[in-house]
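Reading through the structure tokens given below for one structure.
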Amino acid sequence: MRSSQSLLLLLVTLTANHPSIQAYPQSKTTTTQSLATPTPTPTTTAKAIEASRTENSTREVAVVTTEAAESNSSMNEDSGKDSDNKPGWDEQDDDEDYSDQFDWECGTDYFTKLVSESTIDRDCPELKVIINSCCLAHDDCYDKQLGRTFCDDTFCACLDNVTQPSAVCSKEDSPTFCELVRHFGEAPYNASATTPATTSTTAKTTIE
């Protein structure tokens with residue numbers, strides 16, 4: 003009995019004089035807790051890496067898609083600007099541009115030419131060139147003194163033919179031009195004769 007009490011007293015004394023003996027259980031507990039913390043397994047690490055790669059890949063796809071969309075939009079804008087800068091000729095624009103490069107000859111003076119040209123520009127500008135060719139042929143016929151009636155009839159037939167694509171020019175302008183030539187063409191026809199001799203020669207040839 004005394005031996006047991008002496009042993010117990012010795013243990014208490016040793017514990018009081020050596021603090022490191024008291025800290026041992028705490029250190030043991032800490033070690034136990036550290037051992038209890040789960041260590042990442044290779045499978046968990048692989049999944050984390052794969053998830054990270056997937057996220058990065060998704061971001062890259064999004065960036066590439068955005069850049070492609072921006073590039074396409076930029077190309078469309080540039081294309082639109084190029085299209086705006088180009089003249090973009092169509093057939094009518096070509097005719098209108100060409101019509102500004104020749105002299106309008108339908109009329110006997112500045113005023114009548116101005117009125118007739120304005121009428122065609124308003125009603126059938128796409129036919130302006132070919133209508134002017136009828137007027138040129140009519141002037142040439144007068145200059146050659148081929149006969150006023152013949153020249154006027156040929157002119158009216160020419161206008162009737164070339165104005166068919168336009169309802170307005172065919173039904174209104176062509177008949178008007180034809181009537182003006184028939185009513186007021188005598189003076190221009192006589193003035194087209196270069197010399198009286200030419201007129202006499204032409205008349206003589208016609209009679210023969």
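In this note's numbering, the protein residues as written are 3 to 210.
Note that the Cβ used here is the ideal one computed from N, Cα and C, for glycine as well.
Among the options, which one has its Cα closest to the Cα of residue i?
i    : options                   : result
N192 : F179, V164, P177 and L148 : L148
C211 : A195, G187, T165 and P190 : Residue 211 is absent from the model: the chain starts at 3 and stops at 210.
N134 : F152, F179 and T151       : F179
S176 : F186, G187, A159 and P190 : A159
V183 : T121, K146, V170 and C153 : C153
S168 : S118, E128, L116 and S120 : E128
T151 : L116, D105, G187 and W106 : G187
A195 : S118, V117 and D142       : D142
Which value, in whole angstroms, describes the spacing of the CA atoms of residue i and residue j?
i    : j    : result
I132 : D155 : 17 angstroms
K130 : Y144 : 21 angstroms
C136 : L161 : 7 angstroms
C108 : L138 : 8 angstroms
A189 : D111 : 12 angstroms
R2   : V170 : An answer regarding residue 2 cannot be provided, because it is not within the stretch 3 to 210 covered by the chain.
T121 : Q103 : 18 angstroms
E163 : E174 : One detail in the question is off: residue 163 reads as Asn in this sequence, not Glu. So the two alpha carbons sit approximately 14 angstroms from each other.
K115 : W106 : 7 angstroms
V117 : E181 : 15 angstroms
S172 : E119 : 15 angstroms
Pull up the CB-CB distance for residue i and residue j, whole angstroms please, since I reckon it's below 8 angstroms.
i    : j    : result
F157 : H140 : 4 angstroms
Practice item. Please list the segments of the alpha helix (DSSP H) lying wholly inside the region 100-181, counting only runs of 4 or more residues, in order along the chain. Key: Within the region 100-181, the complete alpha helix (DSSP H) runs of at least 4 residues fall at 112-125, 130-145 and 150-164.
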